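Right, one structure below, let's go through it.
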Amino acid sequence: GQQVMQIPQYQHVQEGEDFTTYCNSSTTLSNIQWYKQRPGGHPVFLIQLVKSGEVKKQKRLTFQFGEAKKNSSLHITATQTTDVGTYFCAGQRMNRDDKIIFGKGTRLHILP
Amino acid sequence: NAGVTQTPKFRILKIGQSMTLQCAQDMNHNYMYWYRQDPGMGLKLIYYSVGAGITDKGEVPNGYNVSRSTTEDFPLRLELAAPSQTSVYFCASSYSLVQPQHFGDGTRLSIL
């Protein structure tokens with residue numbers, strides 16, 4: 001079945017450093033969504049990417065959808081302690097009336 | 001507008017007991033989902049529903065049952081609780097399969 005793989009599983013960065021998490025699919029995706037889950041909280045929707053090569057920004061966060069629509073990335077510039085949490089990508093297969101599949105997430109820890 | 005409401009927030013069960021986790025949404029979403037999240041892990045889909053009267057299995061349905069008699073409610077039933085079902089359970093809803101999912105705060109369930 002379809003898999004959505006995320007790397008790395010964990011990342012520790014010094015506050016102020018940049019952070020990137022990658023999401024890869026074995027099949028072409030119709031769209032990809034990103035969610036953030038704070039420790040002890042629930043996943044919260046961040047953004048959705050639909051178009052090939054699409055890039056969207058939210059303040060210090062940059063989201064990218066690959067040209068082949070099989071991969072995506074989330075980049076955080078100059079991390080802050082408020083960025084701590086787990087970042088999930090979730091993708092839906094192209095041409096399939098199917099539910100989205102969540103990756104296992106990347107847990108970000110910020111060192112002060 | 002409460003969004004997705006889950007009850008209870010916490011519960012401890014003995015092995016073999018049964019219980020129902022409640023989930024209600026007031027956004028008139030057709031799609032509803034149940035996930036479980038084990039400590040430090042990602043989200044695993046248990047069951048989902050595309051509308052009242054329609055349910056389907058997810059990745060890990062064994063040991064659980066669901067029903068969807070109304071658009072608003074999507075309860076999850078554990079018939080014979082087992083220690084392996086200790087987890088955090090999230091209910092989510094969305095307007096469509098491609099629209100973002102809105103999550104409840106979760107139910108933290110321990111089975112001893």
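These protein sequence lines map, in sequence, to chains U and X.
Using our numbering, read the first sequence as starting at 1 and increasing by one per residue.
Using our numbering, read the second sequence as starting at 1 and increasing by one per residue.
Backbone N, C-alpha and C define an ideal beta-carbon position, used for all residues, glycine too.
Since the model is a prediction, treat every value here as computed from it, not as a measurement.
According to DSSP, residues forming a beta bridge with residue i
{"i": "U:Val196", "result": "Shown here, chain U extends from 1 to 112; a query on residue 196 of chain U therefore has no answer."}
{"i": "X:Leu114", "result": "Residue 114 of chain X is absent from the structure shown; chain X starts at 1 and stops at 112."}
{"i": "U:Ile101", "result": "U:Gly91"}
{"i": "X:Leu13", "result": "X:Ile111"}
{"i": "U:Thr62", "result": "U:Lys57, U:His75"}
{"i": "U:Leu115", "result": "Since the first and last residues shown for chain U are 1 and 112, residue 115 of chain U lies out of range."}
{"i": "U:Lys51", "result": "BP columns for U:Lys51 are empty, so no partner."}
{"i": "U:Lys36", "result": "U:Val44, U:Tyr87"}
{"i": "X:Ala92", "result": "X:Tyr33, X:Phe103"}
{"i": "U:Ser25", "result": "U:Val4"}
{"i": "U:Thr20", "result": "U:His75"}
{"i": "U:Gln81", "result": "Residue identity differs from the one stated: residue 81 of chain U is Thr in this sequence, not Gln. Per DSSP, none; premise fails for U:Thr81."}
Environment of residue i [buried if 16+ CB atoms lie within 10 Å]
{"i": "U:Ser72", "result": "buried"}
{"i": "X:Ala82", "result": "exposed"}
{"i": "X:Val4", "result": "buried"}
{"i": "U:Ser25", "result": "buried"}
{"i": "U:Arg38", "result": "exposed"}
{"i": "X:Asp56", "result": "exposed"}
{"i": "X:Tyr35", "result": "buried"}
{"i": "X:Val88", "result": "buried"}
{"i": "U:Phe88", "result": "buried"}
{"i": "U:Lys59", "result": "exposed"}
{"i": "U:Lys117", "result": "Lying outside 1 to 112, the shown extent of chain U, residue 117 of chain U is not represented and no answer is given."}
{"i": "X:Asn28", "result": "exposed"}
{"i": "X:Leu76", "result": "buried"}
{"i": "X:Thr70", "result": "exposed"}
{"i": "U:Tyr10", "result": "exposed"}
{"i": "X:Asn62", "result": "exposed"}
{"i": "U:Ile110", "result": "buried"}
{"i": "U:Pro112", "result": "exposed"}
{"i": "U:Leu29", "result": "buried"}
{"i": "X:Ser93", "result": "buried"}
{"i": "X:Gly104", "result": "buried"}
{"i": "X:Val66", "result": "buried"}
{"i": "U:His12", "result": "exposed"}
{"i": "U:Ile32", "result": "buried"}
{"i": "X:Pro8", "result": "exposed"}
{"i": "X:Phe74", "result": "buried"}
Minimum Cβ-Cβ distance from residue i to chain A less than 7 Å
{"i": "X:Phe74", "result": "As a matter of chain content, chain A is missing from the structure shown, whose protein chains are U and X."}
Beta-carbon separation (whole angstroms), residue i vs residue j, contact threshold 8 Å
{"i": "U:Thr81", "j": "U:Glu15", "result": "6 Å"}
{"i": "X:Leu45", "j": "X:Gln37", "result": "Not really, about 11 Å apart at Cβ, beyond 8 Å."}
{"i": "U:Met94", "j": "U:Lys57", "result": "Going by Cβ atoms, the distance from U:Met94 to U:Lys57 rounds to 25 Å, so no, they are not a contact pair."}
{"i": "X:Tyr64", "j": "X:Tyr48", "result": "That belief does not hold up - the Cβ atoms of X:Tyr64 and X:Tyr48 are roughly 12 Å apart, past 8 Å."}
{"i": "U:Thr79", "j": "U:Arg107", "result": "The pair is not a contact, with the Cβ atoms about 13 Å apart (cut-off 8 Å)."}
Heavy atom of the ligand ATP within 6 Å of residue i beta-carbon
{"i": "U:Thr106", "result": "As presented, the structure is devoid of all ligands, the ligand ATP included, so that no description of it is given."}
*Given 8 Å as the limit, is there contact between the stretch 87 to 106 of chain U and the stretch 2 to 17 of chain U, that is, 3 or more CB pairs closer than that?*
yes
- Return the chain-ordered ranges of every beta strand (DSSP E) run that is complete within the stretch 15 to 49 of chain X and spans a minimum of 3 residues. 19 to 25, 31 to 37
Contact between the stretch 61 to 70 of chain U and the stretch 11 to 20 of chain X (3+ Cβ pairs under 8 Å):
no
- Between the stretch 42 to 49 of chain U and the stretch 92 to 107 of chain X, do at least 3 Cβ pairs fall closer than 8 Å? yes
Give, in chain order, every unbroken run of the beta strand (DSSP E) that is at least 3 residues long and sits entirely within the stretch 42 to 87 of chain X. 43 to 51, 54 to 57, 64 to 66, 76 to 78
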